[in-house]
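Chains as they are written, first to last, in the working numbering: chain A, 11 to 238; chain B, 494 to 911; chain C, 70 to 478.
All C-beta atoms, glycine included, are put in the ideal place defined by N, C-alpha and C.
Okay, structure first, notes after.
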């Protein structure tokens, strides 16, 4: 069995009396180390799919298996524990915690994990910061950084705990093309070095080009699943 | 889990004005509580002291038939020992009791001063001067002169009474009275001191003489009209009463005397106690109103930071931790606000604890019949500051549960969509 | 009008927040009007007690007697001669008058003695001036030529007296000679005035006068008018016609006799104002807070309004109307709740003083309707809410959208 498996996943949102189906029976498997892009127009269910995979939400019908374990039977706190151990997130709007420094933002992800001593944490944080090329910026606050730098911090935060899967929701949407390439290179490098599984949602052709697998969504259903 | 407090503290400075107003609101209500409570407690404490010192003791022992008729100041219902064998012996027995610290026999009787064609009613208190000084620092109330000597024909008088009689310390006075056997007598005394307690009832009506002198002239040898007991602490009166009940129960004459604690139900002090409790509810109410302002702010903060909460949830923080994070932020505001509040309130109470608030004429209606001081000094005490601080922090904390729960109830996918 | 409509809509955007702050205001108002009603009620019963049992509406006394009256001296008395009677009969709106002589005495039941105030009164006239007769619980008032004593119920109980018993009064005469008087108890009264119940004994005027050797003189002449609205007029008349002739006489109204009570209710009134001000101060902070929060939320909207060409003062006005709106809502809720509270006080009253605390009142205290208290507190509330909203409204308008976002994401 693979790292991640979706089986007939359906998601229905209720808005008052109206039921909106965001995902209509999606099945999918992702292997360790894949660099996958989920593409599709807005409203096609990209974010919903990523929420399911990221254990931020549970499917209405069907099941998501992470390393063979179904998630629908887990409660809120168990899901939180699952996320802190196994999943890293990168958002379009960076979403760093503004009151924490670059260092502390990354440190937070590690501190949430049990049994780490401070020395290990420091070493790990500095290593990942150097890896994303921000070794010098450790003590800055997020608002003193450029967009590209912020997104690198976000990548570092997602990767520092060496999660099984990193989910990135439109990671380059707010960046210019040069910075996008920069950020993308960092991710590709990490994917190769650490064998971390990456799943994106994106519109950006640049991102799609670097992906090894592209899943296309439309109206909540997979219309194409191509590997290059 | 050291990072939650760090984030909470730093969050405070994110929107300084918003934080500041909430803190001001808390500071204001806490300051109000400090001052109001300082005022009430100060006044009640001094009233309790007045009553304990001059009326009730911690426990008052009187003849049962005299109960409810103290106003008569009659000498016909004395305290005269367990077997009518005198209070000296009774005092010995009482002194054996652990809880009893001081035993103060008193004789309160009515008298009159005749000057030319005018008769002024006065109240005589026969006291064991030495013991009264030891128990209630009675000599502290002297305004001029000295205390009367034992077995002497010396008295001290309330300052207002002296003024009314147009007399001064050092002069002689003749006081008319009825003895216990009903004979009408007059005695001359030398006024050796003037008394100023701040209590109109005493300062304007009372003269004080030595107990044995009073016993002798009133035909009440080894008797008193009342016996006050003072224990180590007025809060231990219950155990004092219990021991008294036991002691009196072991004598035949137990039924002859009433044992009345200072806070007995139906007495004025009991009503003050009820008042104190009502005020405590009012304090809480005031702090709740301040907390409402804080809740408003916190709810907006939660709305503002919905996305951030989503990120934290994605990072793997549990709802409980989100809840704690916001609660902490509220508690910090509560702590800072309460601290500023007790400083502000502390300054005000300090000022009024020195200068006092003069109710003057307004209290005169009451001070003829009650032991109330006309100048109210606020109670400036660490206890009051700590009480108010804790009350502020605790209520703010409880209030912050509402917005913190709102934050913790957010679903991660919804919070991130915001 | 558009601005008002906008402000009203804005208030409904966050109904809970608006309502919560309005509730603080409402509490302040409820507290004020109820406290005020109770103080006025207490005051009215104090005053009724003073008028009905102690001083009547007006008193004619010797000017030297007045300041020393608490000591109950027997000099500087007043003589009710033909001339004075004639003059008094011309006082406008006078219902009745009565001379009385108050003196200090000890009451004796053969066992115990207690200092009290004895009052020599003309039984017939007394009925018209004071409301003793309505409060008789046993026996009757004595008539002018009768002998007998009427005393307060709690005094009777304390001394163990019953109707028909003889009480002994011990006192000194005007010359300072001891004298006693033995009188049969013909009536017992239980009045709302504790002073009367606890320490007064009424005896016939002639009898008192004889025993005291005061030659028919009175310590004061108490007067009751047809209504209490004509007091000033009657007082003026007496001043101009009686006091003008006999210089050492003076006329005082019941209000002068009740100075200490007036002082007490004034203090209560000040206390009420302070507490209410504190409520409104908290409410003011609440309003400031709400407007700042609203401005922060709407910072983009404000920018847009500016872009649309709305002037700054118009935006300030919107926020001020919102602040005022909270005040209005609070006032409405507060007045309604306060109205119910006052209604309850007026109709059911409050058992304020169970034990005898020396207050000149013993009955249940009932509230009094006082429209001016409502008007005063509402006006005050509206001013406070308007003032409280100026500063944050001004602040909101001067804020550029960028600084207003508060913390950068």
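Residue 142(C) has a beta carbon lying within less than 8 angstroms of a beta carbon in chain B. The CB of residue 245(C) comes closer than 9 angstroms to the CB of 607, 608, 609, 610, 611 and 612 in chain B, given here in chain order. Residue 694(B) and residue 863(B) have their C-alpha atoms spaced approximately 7 angstroms apart.
The CB of residue 87(A) comes closer than 9 angstroms to the CB of 811, 812 and 813 in chain B, given here in chain order.
Cβ-Cβ separation between residue 39(A) and residue 14(A): approximately 7 angstroms, consistent with a contact (criterion under 8 angstroms). DSSP, reduced to helix, strand and coil, places residue 169(C) within a strand of the structure shown.
C-alpha of residue 137(C) to C-alpha of residue 776(B): approximately 44 angstroms in a straight line.
Beta-bridge annotation (DSSP): residue 603(B) is paired with 616(B). Against chain B, the CB of residue 81(C) has no partner CB under 8 angstroms away; the residue lies outside that interface.
By DSSP's assignment, residue 45(A) forms a beta bridge with 208(A). Within a 10 Å sphere around the beta-carbon of residue 875(B) sit fewer than 16 other beta-carbons, which makes this residue exposed. Across the region 342-357 of chain C, CB contacts with chain B closer than 9 angstroms involve 344, 347, 348, 350, 351, 352, 354, 355 and 357, in sequence order along the chain. In the structure shown, residue 338(C) adopts helical secondary structure according to DSSP, grouped into three states. If you ignore the 5 residues before and after residue 299(C), its C-beta comes within less than 8 angstroms of the C-beta of 161 and 162, all in its own chain and listed in chain order. For residue 454(C), there are no neighbours in chain B by C-beta distance under 9 angstroms, as the nearest C-beta there is about 14 angstroms away.
Rounded to whole angstroms, the Cβ separation of residue 187(C) and residue 172(C) is 5 angstroms, and the two are in contact under 8 angstroms. Any Cβ of chain B closer than 8 angstroms to the Cβ of residue 227(C) would place that residue at the interface, and such an atom is present. The beta carbon of residue 549(B) is closer than 6 angstroms to those of 755 in its chain, skipping five residues each way along the sequence. Taken in chain order, the complete alpha helix (DSSP H) segments of 4 residues or longer contained in the region 182-246 of chain C are 192-198 and 222-228.
In the three-state reduction of the DSSP assignment, residue 234(A) falls in the strand class, which pools E and B.
For chain B, none of the residues of the region 155-169 of chain A brings a beta carbon within less than 7 angstroms of one of its beta carbons. Around the beta carbon of residue 88(A), a 10 Å sphere encloses fewer than 16 other beta carbons of the protein chains shown; the residue is thus reported as exposed. Here residue 588(B) really is in contact with residue 596(B); their C-beta atoms are around 7 angstroms apart, less than 8 angstroms. For residue 670(B) and residue 139(C), the gap between their C-alpha atoms comes out near 22 angstroms. Under the three-state reduction of DSSP, residue 595(B) is assigned to strand. Linking residue 573(B) to residue 716(B) through their CA atoms gives a straight-line distance of about 5 angstroms. When DSSP states are grouped into helix, strand and coil, residue 690(B) belongs to the coil group. Around the Cβ of residue 203(C), a 10 Å sphere holds fewer than 16 other Cβ atoms; the residue is exposed.
Using a C-beta cut-off of 8 angstroms, the region 363-382 of chain C makes no contact with the region 444-456 of chain C, since fewer than three inter-stretch Cβ pairs fall below that distance. Interface residue (Cβ-Cβ distance to chain B less than 8 angstroms): residue 109(A) is classified as such.
Residue range 730-742 is occupied by the alpha helix (DSSP H) that includes residue 731(B).
Contact between the region 95-111 of chain A and the region 166-177 of chain A is present: 3 or more CB-CB pairs across the two stretches fall below 8 angstroms. Checking the DSSP bridge columns, you'll see residue 529(B) has no partner listed. Interface residue (Cβ-Cβ distance to chain B less than 8 angstroms): residue 55(A) is not classified as such.
In the structure shown, residue 569(B) adopts coil according to DSSP, grouped into three states. Under the Cβ distance rule, residue 498(B) does not count among the residues neighbouring chain A, no pair being separated by less than 8 angstroms.
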